[in-house]
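Protein chains in written order, with our numbering: chain A, 340 to 459; chain B, 3 to 111. Written out below as structure tokens is the structure these notes cover.
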């Protein structure tokens, strides 16, 4: 009965490869997010989707492309992986506020277990 | 954007001690959350507390929104409390959850 799940948990790959990380939530939430945690443990948002619509797109290289097939899933595809992409990637989700669909982030966000990506 | 500062950056305690972690933020907020990142890397929700006081077992939190700070209290600490504690906020005019740099807590037996 995991609330927010991610696969894989660990991902080790060579520079230049393309990889995907999958995220699923069974909380019935409308909004999902991707965060990146760097080697100094600093967490920063990358993307946010509300009901399959892109809401937030931070300054992230366009090698990173989120895809939301439905509101319960938000996958992250990364092209041409670089050494600097090594990090832990967290997926999260939250409920929208009634009548304020673009401010779902005001509600409590729940995080997945993270995917540790290592680029060699 | 909003600035989030946590203090202290590092804290070492003996089991059984009490502690207070602080989070200051530079603007008004609509969301404030406290998280515990355990040694296995999981981010665990502790409190959703944009204002007021909440308690959950040995942990409690208070947010004074008008003075732009929040406090996390840990009483009778245990070794399993070790990890990094993060404060994160969404400013009233924004939509992004912005994290502080965390407090690294080590509880020794």
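Ideal placement from N, C-alpha and C gives every residue a C-beta, glycine not left out.
With respect to the C-alpha of residue 420 of chain A, the residue from A:430, A:382, A:431, A:403 having the closest C-alpha is A:403. For residue 98 of chain B, the nearest CB of chain A lies under 8 Å from its own CB, placing it at the interface with that chain. DSSP, read as helix, strand or coil, puts residue 423 of chain A in helix.
The criterion of a C-beta distance shorter than 8 Å is satisfied by residue 62 of chain B and residue 75 of chain B. Apart from sequence neighbours up to five positions away, the residues of its chain that approach residue 64 of chain B with a beta-carbon distance below 6 Å are 55, 73, ordered along the chain. Listed in chain order, the beta strand (DSSP E) runs fully inside the segment 365 to 394 of chain A are 370 to 376, 382 to 389, counting runs of at least 3 residues. Around the beta carbon of residue 354 of chain A, fewer than 16 other beta carbons sit within 10 angstroms, so the residue counts as exposed.
Counting only runs of 3+ residues, the beta strand (DSSP E) found wholly inside the segment 6 to 41 of chain B occupies 6 to 9, 12 to 16, 21 to 27, 31 to 39, in chain order. At least 8 Å separates the beta-carbon of residue 48 of chain B from that of residue 105 of chain B. Following the DSSP letters along the chain, one finds residue 457 of chain A inside the beta strand (DSSP E) bounded by residues 454 to 458. Within chain B, the residues placing a beta-carbon under 8 Å from that of residue 380 of chain A are 39, 86, 103, 104, ordered along the chain. Remark: three or more beta-carbon pairs, one from each stretch, lie closer than 8 Å, so the segment 360 to 378 of chain A and the segment 443 to 453 of chain A are flagged as touching. Annotation: residue 431 of chain A to residue 78 of chain B spans about 31 Å, alpha carbon to alpha carbon. In chain order, 3, 4 place their CB closer than 8 Å to the CB of residue 96 of chain B, counting only its own chain and leaving out the 5 sequence neighbours on each side. Contact of residue 110 of chain B with chain A by beta-carbon distance below 7 Å is absent, the smallest such distance being about 21 Å. Taking the Cα of residue 349 of chain A as reference, the smallest distance to any Cα among A:393, A:394, A:358 is reached at A:358.
When 8 Å is used as the limit between beta carbons, residue 35 of chain B is near these residues of chain A: 447, 448, in chain order. The beta carbon of residue 26 of chain B sits closer than 7 Å to the beta carbons of 7, 70, 71 from its chain, once the five residues preceding and following it are set aside; these are given in chain order. At the C-beta level, residue 360 of chain A and residue 454 of chain A come within 8 Å of one another. Contact between residue 405 of chain A and residue 388 of chain A holds: CB atoms are separated by about 7 Å, below the 8 Å threshold.
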